[in-house]
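Residue numbers (full-length UniProt numbering): 1 to 260.
Virtual Cβ for every residue (Gly too), placed ideally from N, Cα, C.
The model shown is predicted, which means the values in this text are computed figures rather than measured ones.
Presented below is the structure to which this report refers.
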Amino acid sequence: QGFLVNWTKGFKASGCEGKDVVMLLREAIQRRNEFELDVVAVVNDTVGTMMTCAYEDPKCEIGLIVGGTGSNCCYMEDLRNIEQVEGDEGRMCINMEWGAFGDDGSLDDIRTEYDLEVDAGSLNPGQQIFEKMISGLYLGELVRLILVKMTTQALLFNGKATPELLTRGHFQTQNPRVCRRSKEGVLKARELLSDHFSLRPSEEDCAALQQICAIVSTRSAYLVAAALGAVVSRLRLNKAVKKLQTTVGVDGTVYKTHPQ
């Protein structure tokens with residue numbers, strides 16, 4: 001069984017929330033009556049990543065996703081620390097759903113005006129706060145909002161914004177990746193600003209775009225590293241050791257394709 005509590009990110013479909021999606025899928029397969037197929041397990045992508053990594057490296061105890069649509073983490077927890085499960089022997093994989101970290105206001109001190117605007121314009125305001133600061137789905141919009149503010153302050157593009165620049169979501173997820181801090185990156189930045197945003201950028205404008213992309217991406221990496229460090233510390237405390245050697249299985253389009 002697997003009950004959908006609520007949709008997040010870019011997904012919306014009626015008649016699913018609060019329902020057993022395994023049963024819904026089985027019923028849909030039966031209606032098609034074209035093939036024999038059954039659901040044997042509901043596995044989160046972080047768990048699948050950890051299991052795949054652990055198959056080759058037994059030291060893998062953490063699975064991490066930094067993807068285009070979200071971010072999440074899982075780790076192996078001692079049963080003695082899990083109140084919902086009887087018994088103290090053994091371990092269990094915990095799907096943290098850390099994308100929702102900050103939904104209780106715990107990240108308010110480090111959220112910027114751009115984070116607040118991204119959240120307000122999303123399909124699920126007030127939810128998945130941590131995820132909206134780090135995953136690929138939102139990085140482009142964060143960059144665009146910074147560009148807009150700097151333009152209104154006459155710091156970029158001679159203070160002249162185009163309709164494309166002012167359009168929410170117009171800066172696509174993959175665009176920050178093309179802004180490499182290199183000669184090639186400068187050319188890509190100019191091409192992006194000219195062709196995609198109908199702007200006439202100067203060399204300084206192109207360099208600023210590269211710097212903004214680097215800042216947004218680096219902050220994302222720092223936040224992931226900080227959260228991951230907390231998980232590793234948890235494992236170390238559980239094992240009661242001063243030093244812990246472990247492996248993290250990582251997947252996701254941002255992690256795999258980002259130039260930095």
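For E131, the secondary structure class from DSSP, reduced to helix, strand or coil, is helix. Between the beta-carbon of V216 and that of L64 there is about 19 angstroms, and that puts the pair past the 8 angstroms contact cut. Counting only runs of at least 3 residues, the segment 41-125 fully encloses the following beta strand (DSSP E) elements, listed from N- to C-terminal order: 60-66, 71-78, 91-95. Here V231 is near I62, since their CB atoms are less than 8 angstroms apart. The C-beta separation of T46 from C73 comes to about 6 angstroms, placing the pair in contact by the 8 angstroms criterion. Cβ-Cβ separation between T49 and L137: approximately 18 angstroms, too far for a contact (criterion under 8 angstroms). With a cutoff of 8 angstroms on beta-carbon distance, Y75 and L235 are scored as near each other. In this chain, D20 is not harboured by any beta strand (DSSP E), its DSSP state being neither H nor E. Excluding the 5 residues flanking it on each side, L142 has same chain C-beta neighbours closer than 7 angstroms at Y114, V118, V216, in chain order. Nearest in C-alpha terms to C93, of all of L79, D104, G102, is L79.
In the DSSP assignment, D205 falls within the unbroken alpha helix (DSSP H) covering 203-239. Contact annotation: the segment 183-197 touches the segment 206-213, with at least three C-beta pairs closer than 8 angstroms. Look at D38 here: in three-state DSSP terms it is coil, with no helix or strand label. In the DSSP assignment, the residues bridged to D251 are I65.
Sorting Y55, G140, L4 by C-alpha distance to the C-alpha of V248 places Y55 at the top.
Counting along the chain, the unbroken alpha helix (DSSP H) around A189 starts and ends at 183-191. By the neighbour-count definition (other C-beta atoms within 10 Å, threshold 16), S135 is a buried residue. When rounded, the separation of the alpha-carbon atoms in F35 and A28 is 11 angstroms. For F3, the beta-bridge partners assigned by DSSP are D20. Under the three-state reduction of DSSP output, S194 falls in the helix class.
The three-state reading of DSSP puts G140 in helix, counting H, G and I together. In the three-state DSSP reduction, N158 falls in the helix class (H, G or I). Taking 8 angstroms as the cut-off, the beta carbon of L223 is found no closer than this to the beta carbon of M150.
Distance from T162 to F197 at the Cβ level is roughly 6 angstroms; contact confirmed, criterion being Cβ atoms closer than 8 angstroms.
Taking the Cα positions, D103 is about 12 angstroms away from E97.
E86 has its alpha-carbon roughly 29 angstroms from the corresponding atom of K243.
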